[in-house]
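In our numbering, the protein residues as written are 19 to 154. One structure is given below, encoded as structure tokens.
Encoded structure:
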């Protein structure tokens with residue numbers, strides 16, 4: 019959470035529209051330099067001047083139903099401070115789509131209705147108790 023002075027400074031710097039967007043989706047206001055945009059349309063920012071340590075890099079997801087699998091591996095390494103240069107600058111982190119990779123992003127379906135559920139073909143060793151009322 020930011021202080022009131024920092025919030026007002028960011029509001030003046032980034033504008034009302036971007037301020038409302040950040041409060042809606044991030045819950046905090048940040049200003050920084052746009053580093054690059056990846057192939058999914060996510061925008062990556064960095065601000066080393068006034069942010070707290072390990073909070074200087076952030077991503078603005080294109081899809082508002084976001085999950086971390088939408089970040090490419092090179093950008094994930096940059097976001098988690100494993101490398102100093104972003105993939106837009108570093109040739110080692112740039113990657114091409116291989117033949118066997120999917121062409122578009124597939125979201126992680128864990129904890130959704132579409133998640134994989136196992137089906138057991140063995141009989142249960144115990145059964146739930148079913149009360150039977152005797153006639154009166």
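Glycine included, each C-beta is placed from N, C-alpha and C at the ideal position.
For residue 38, three-class secondary structure by DSSP: In the displayed model, residue 38 falls within a helix according to three-state DSSP.
Residue 86 to residue 31 span [Cα, whole Å]: Taking the straight line from one Cα to the other gives about 28 Å.
Buried/exposed call for residue 105, threshold 16 Cβ in 10 Å: Flag for residue 105 reads buried.
Per-residue burial, residue 127 [other beta carbons within 10 Å of its own, 16 or more giving buried]: In this structure residue 127 is exposed. Its beta-carbon is surrounded by fewer than 16 other beta-carbon atoms within 10 angstroms.
3 or more residues per run - each beta strand (DSSP E) lying fully within the stretch 52–103: Counting only runs of 3 or more residues that sit fully inside the stretch 52–103, the beta strand (DSSP E) segments are 61–64 and 75–78, in chain order.
Straight-line Cα distance separating residue 56 from residue 121: If I take the Cα positions, the gap works out to 14 Å.
Where residue 27 sits in the DSSP three-state scheme: In the three-state reduction of the DSSP assignment, residue 27 falls in the helix class, which pools H, G and I.
Residue 89 to residue 62 span [Cα, whole Å]: Those two C-alpha atoms are separated by around 10 Å.
Cβ separation of residue 72 and residue 99, assumed to be a contact under 8 Å, to the nearest whole Å: With 8 Å as the limit, residue 72 and residue 99 qualify as a contact, their Cβ atoms being about 7 Å apart.
Contact check, residue 59 vs residue 80, beta carbons under 8 Å: Against a cut-off of 8 Å, the Cβ pair of residue 80 and residue 59 comes out as a contact.
Through-space distance from residue 125 to residue 110, alpha-carbon basis: For residue 110 and residue 125, the gap between their C-alpha atoms comes out near 26 Å.
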